[in-house]
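> If you read the sequence shown in this note's numbering, its first letter stands for residue 42, the second for the next number, and so on.
Every residue gets a Cβ at the ideal spot worked out from N, C-alpha and C, and that includes glycine.
I'd like to ask you about the structure that follows.
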Amino acid sequence: MKLAVLPWILMLLSTIPGPGLTAAHPYKVSESEKSQLVNETHWQYYGTSDTGGNLSLTWNTSALPTRTVTIELWGYEETGTPYTGNWTAKWSYLYPLATNIPNTGFFTFTPKPAPPQYQRWRVGALRIIGSKNYAGEQDVLALWTNDHALAWHLGDDFRADSVAWAREQCLTWEALEDQLPNFLTELPDCPCTLAQARADSGRFFTDYGCDIEHGSVCTYHPGAVHCVRSVQASPMYGSGQQCCYTASGTQLLTSDSTSGSTPDRGHDWGAPPYRSPPRVPGMSHWLYDVISFYYCCLWAPECPRYMKRRPSSDCRSYRPPRLASAFGDPHFVTFDGTSFSFSGNGEYVLLETLETAAAVKDLRVQGRAQPGRMPNGTQARGTGLTAVAVQEDKSDVIEVRVADGSQVLEVLLNQKLLSFTEQNWMDLKGMFLSVASQDKVSIMLSSGAGLEVGVQGPFLSVSILLPEKFLSHTRGLLGTLNDNPEDDFTLRNGHVLPPNATAQQLFQFGANWAISNASSLFTYDSRPLVNQFLNGPKHDPNFKPLFPDETTLSPSQAEDLARLCESDHFCVLDVISTGDPSVGNATRIAHQLHQHRLKSLQPVVSCGWLPPPVNGHKEGLKYLEGSTVRFGCNSGYSLAGPESSTCRADGTWSSPTPECQPGRNYTVLLSIIFGGLAIVALISIVFMLLHRRRKSNRNLWSSQP
Numbered sequence: 042m043k044l045a046v047l048p049w050i051l052m053l054l055s056t057i058p059g060p061g062l063t064a065a066h067p068y069k070v071s072e073s074e075k076s077q078l079v080n081e082t083h084w085q086y087y088g089t090s091d092t093g094g095n096l097s098l099t100w101n102t103s104a105l106p107t108r109t110v111t112i113e114l115w116g117y118e119e120t121g122t123p124y125t126g127n128w129t130a131k132w133s134y135l136y137p138l139a140t141n142i143p144n145t146g147f148f149t150f151t152p153k154p155a156p157p158q159y160q161r162w163r164v165g166a167l168r169i170i171g172s173k174n175y176a177g178e179q180d181v182l183a184l185w186t187n188d189h190a191l192a193w194h195l196g197d198d199f200r201a202d203s204v205a206w207a208r209e210q211c212l213t214w215e216a217l218e219d220q221l222p223n224f225l226t227e228l229p230d231c232p233c234t235l236a237q238a239r240a241d242s243g244r245f246f247t248d249y250g251c252d253i254e255h256g257s258v259c260t261y262h263p264g265a266v267h268c269v270r271s272v273q274a275s276p277m278y279g280s281g282q283q284c285c286y287t288a289s290g291t292q293l294l295t296s297d298s299t300s301g302s303t304p305d306r307g308h309d310w311g312a313p314p315y316r317s318p319p320r321v322p323g324m325s326h327w328l329y330d331v332i333s334f335y336y337c338c339l340w341a342p343e344c345p346r347y348m349k350r351r352p353s354s355d356c357r358s359y360r361p362p363r364l365a366s367a368f369g370d371p372h373f374v375t376f377d378g379t380s381f382s383f384s385g386n387g388e389y390v391l392l393e394t395l396e397t398a399a400a401v402k403d404l405r406v407q408g409r410a411q412p413g414r415m416p417n418g419t420q421a422r423g424t425g426l427t428a429v430a431v432q433e434d435k436s437d438v439i440e441v442r443v444a445d446g447s448q449v450l451e452v453l454l455n456q457k458l459l460s461f462t463e464q465n466w467m468d469l470k471g472m473f474l475s476v477a478s479q480d481k482v483s484i485m486l487s488s489g490a491g492l493e494v495g496v497q498g499p500f501l502s503v504s505i506l507l508p509e510k511f512l513s514h515t516r517g518l519l520g521t522l523n524d525n526p527e528d529d530f531t532l533r534n535g536h537v538l539p540p541n542a543t544a545q546q547l548f549q550f551g552a553n554w555a556i557s558n559a560s561s562l563f564t565y566d567s568r569p570l571v572n573q574f575l576n577g578p579k580h581d582p583n584f585k586p587l588f589p590d591e592t593t594l595s596p597s598q599a600e601d602l603a604r605l606c607e608s609d610h611f612c613v614l615d616v617i618s619t620g621d622p623s624v625g626n627a628t629r630i631a632h633q634l635h636q637h638r639l640k641s642l643q644p645v646v647s648c649g650w651l652p653p654p655v656n657g658h659k660e661g662l663k664y665l666e667g668s669t670v671r672f673g674c675n676s677g678y679s680l681a682g683p684e685s686s687t688c689r690a691d692g693t694w695s696s697p698t699p700e701c702q703p704g705r706n707y708t709v710l711l712s713i714i715f716g717g718l719a720i721v722a723l724i725s726i727v728f729m730l731l732h733r734r735r736k737s738n739r740n741l742w743s744s745q746p
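Below is the structure:
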């Protein structure tokens, strides 16, 4: 692993000298840049019942060019009084597993209990370095494994009775946890459905430990297919929310199952200032949320203790974000649902918050549009987005643009080109940046707003998500977010164009939102950009787009376009203005993606979790509008109250959980009685049929000659 991107480890070694160290969560670092634990579950259960033998690890030898290597164990701990100035985090070199062995990319060994002075470390990682470095040397080229539970190095007392040992640790954790502040109250509610969770990418992001895009390997949440985590850590305690969902899209709650989603005292991805507990990426989460799960749930049968202190959040107060998009020639769908086209050649305000909006941060999103090309190489009378830039308050500035003459994305941070060859996630000033693929960039801002910028054909598409707190605080080409589409065409001076404005009027509306050099967030690092946009007008008054009323199609052309565009009028316009069906098809796909996300973000009503009756049970784990939960009682108890309850449109249940009172369960008793009567009746019918058959046979024989 290159020194510049050592994961999470180097950041915590406070004694490491020198600038330029960057921290990254291990799951955000390329697999080729890490050492791999073979059968990681075997490592983390080693020493428990029936788990022993050898352990192995592998690594990419080309990432560590040396003939011989040393493999070391490092331990992580946080000491001092929680939530005070003397609470500190520290990585410590413990001891070597092997020294001066050939760099073959593979190592196997039989673990032995560590010396007593090392057994207080329960969480750590292995480091592989060149043998020329001395043991525990810092600031060296190295490969690290993922952090993990150090079950394999614990003492003989653990191996003799791992359940009793783990139960004692669980009780100790429980006592400490009950003395710490309640972090749950400042966490956001989870999205109600899997569709909402995946669409709300400004506030929630995929949990690497349970990802539907990578096979839904949900080790800690069996039954789930996907989990997300809140992007931002909570402001006071640096905590995080987790939300897990089944294949049907239903949220899994710890109240119903140990597979439910659990909030985190330490946000898994950390939080500024990162070096201080419980904000250390990955590691604080391991100490306060994960190793305790091992103690209570995986190594000992004490899971109710853990779940009581890590209860799932339901979604009763969740409100989906508002969505607006721009794509194609370009076409705009505002936050209030107004659709229009504006083919300007210049740089424009897509979105900015009002100067008087003290309730929200100063958010600016700008777009650059340039003309496309006809199939014969001439300039088209249509334009498309080629760059998008964003800044919130005094955050870093991110610009996403299409590389000149290609469909490759470039990402600039404060006017400098970024490389994502070693990691696809960056924690930046005031924002997070994710590049999950070569054609899409996700930007998550500290306000909860989010942007997704991707390549669609020769142009960019951009989707912007805003939490409800931005209501009535926006303006620009993407309109005024206020649930009133009538004022989406508001000019800078406050004048509002009518909803039925002509294409020519809308062109003037768009031109009105051109930016200035003083307000520009863009980078001008080439002569064409300098000449056209820095030294030239921000809106080209000489560019004349092709307006819809200037086109006439023959019947055959109209038929071909209808077949290609499937009645998408944006697609039709783009094929006409560029002469290129592929541009129109890309626009149609982008429009469909917007509509799909908009559908996913529709609000739903939740009635909240409904408990089963004491001494009884329930059927049904869905708590959204229209869902029904049914109740039953254990043997020796009878139900006093309705047998079911339905979630109503007003967010209330049709009836509360009934009681199971001591006495015979008459429902069961009646079913037994009627079931028995049915069996008696069936036997009687069978005997009657047999009797008739025998009688019929006697008559038949008596009639024979």
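Which stretch, first to last residue, makes up the alpha helix (DSSP H) that contains C758?
Since the first residue shown for the chain is 42 and the last is 746, residue 758 is missing from the structure and cannot be characterised.
> Using the C-alpha atoms, what's the distance from Q220 back to T120?
Looking at the two C-alpha atoms, the distance is approximately 16 Å.
> On the DSSP letters alone, give me the boundaries of the beta strand (DSSP E) that C268 sits inside.
Taken as a continuous stretch (DSSP letters only), the beta strand (DSSP E) holding C268 covers H267 to S271.
> How is the alpha helix (DSSP H) around P345 delimited, first residue to last?
Segment C344 to R350, the alpha helix (DSSP H) holding P345.
> What did DSSP end up calling G369 once you bin it into helix, strand or coil?
It is coil, neither helix nor strand.
> Does the stretch 497-515 come close enough to the stretch 366-379 to have 3 or more Cβ pairs within less than 8 Å?
Cβ pair count under 8 Å is three or more, so yes.
> Around the Cβ of K153, are there at least 16 other Cβ atoms within 10 angstroms (buried) or fewer (exposed)?
Exposed is the call here.
> Quick check: the stretch 645-662 against the stretch 684-702, are there 3 or more CB pairs under 8 Å?
With the cut-off at 8 Å, the stretch 645-662 and the stretch 684-702 touch.
> For V476, name the three-state secondary structure that DSSP assigns.
Note: V476 maps to strand in three-state DSSP.
> If you drop the 5 nearest sequence neighbours on each side, which residues of the same chain put their C-beta closer than 6 Å to that of R316?
There are no such residues.
> Between G116 and W162, how many whole angstroms is the CB-CB distance? I'm expecting something under 8 Å.
Between W162 and G116 the Cβ distance is about 3 Å, and since that is below 8 Å, they are a contact.
> Do F224 and A428 have their beta-carbon atoms positioned less than 8 Å apart in this structure?
Their beta carbons are not under 8 Å apart, which means A428 does not touch F224 by this criterion.
> Sort L605, R363, Q411 and D355 by Cα distance to L294 and report the nearest one.
Checking every option, the nearest Cα to that of L294 belongs to D355.
> Excluding the 5 residues preceding and the 5 following Q77 in the sequence, name in chain order all residues of the same chain whose CB lies nearer than 6 Å to its CB.
Result list for Q77: T99, in chain order.
> Are the beta-carbon atoms belonging to C674 and L665 less than 8 Å from one another?
For C674 and L665, no; Cβs fall outside 8 Å.
> DSSP three-state label for V709, please.
Bear in mind that the predicted position of V709 carries a pLDDT of just 48, short of 50, making it too unreliable to give a figure here.
> Quick check: the Cα distance between P596 and E509, rounded to an integer number of angstroms?
Spanning the two alpha carbons is a distance of roughly 46 Å.
> With which residues is E700 paired in a DSSP beta bridge?
E700 is bridged to A681.
> Buried or exposed, going by whether 16 or more other CB atoms sit within 10 Å of the CB of M467?
Buried is the call here.
> With H, G and I counted as helix, E and B as strand and the rest as coil, what does DSSP make of A631?
A631 falls in the helix class under three-state DSSP.
> Please check the pair D437 and M472, which I expect to be a contact at CB under 8 Å, by giving their CB distance rounded to whole angstroms.
D437 to M472, Cβ: 6 Å. Contact.
> Evaluate contact between the stretch 509-519 and the stretch 272-289, counting only Cβ atoms and requiring at least three cross-stretch pairs below 8 Å.
They do not touch, by the three-pair rule.
> Using a Cβ-Cβ cutoff of less than 8 Å, which residues in the same chain neighbour Q545 once the five nearest sequence positions on both sides are dropped?
Closer than 8 Å at Cβ, skipping near neighbours: F588.
> Starting from Q411, follow the beta strand (DSSP E) in both directions and report where the run begins and ends.
Start and end: L404 to R414.
> How about the stretch 616-625 and the stretch 592-607: do they share at least three Cβ pairs that are nearer than 8 Å?
Verdict: yes, contact present.
> Would you mind working out which of R568, F550 and H580 sits nearest S561, comparing C-alpha positions?
The candidate whose alpha carbon is nearest that of S561 is H580.
> Looking at E227 and R350, is the spacing between their C-beta atoms short of 8 Å?
Not in contact: R350 and E227 (Cβ atoms no closer than 8 Å).
> Name the DSSP beta bridge partners of P137, please?
Beta-bridge pairing links P137 to E113.
> In the stretch 590-648, which residue ranges form an unbroken alpha helix (DSSP H) of at least 4 residues, counting only runs that do not cross its ends?
Within the stretch 590-648, the complete alpha helix (DSSP H) runs of at least 4 residues are 596-606, 610-619 and 622-641.
> Among residues of its own chain, excluding the 5 on either side of Y159, which ones have a beta-carbon nearer than 6 Å to its beta-carbon?
Here the set comprises L135.
> Where P263 and S300 are concerned, what is the direct C-alpha to C-alpha distance, given to the nearest angstrom?
If I take the Cα positions, the gap works out to 6 Å.
> Throw me the rounded Cβ distance for the Y261 and F334 pair, which I believe falls under 8 Å.
Right, their Cβ atoms sit about 7 Å apart.
> Counting Cβ pairs, one atom from each stretch, are 3 or more of them under 8 Å apart for the stretch 392-408 and the stretch 483-495?
At 8 Å Cβ cutoff, the stretches touch.
> With respect to 7 Å, is the separation between the Cβ of S257 and the closest non-hydrogen atom of the ligand SAH below this value?
With respect to small molecules bound, the structure shown includes none, and the ligand SAH cannot be examined in it.
> Please go through the same chain and pick out, in chain order, the residues whose beta-carbon is closer than 6 Å to the beta-carbon of D528, but skip the five residues on each side of it.
Cβ neighbours of D528 beyond the five flanking positions: T521 and V537.
> With a threshold of 16 other CB atoms inside 10 Å of the CB of A288, please say whether the residue is buried or exposed.
A288 should be labelled exposed.
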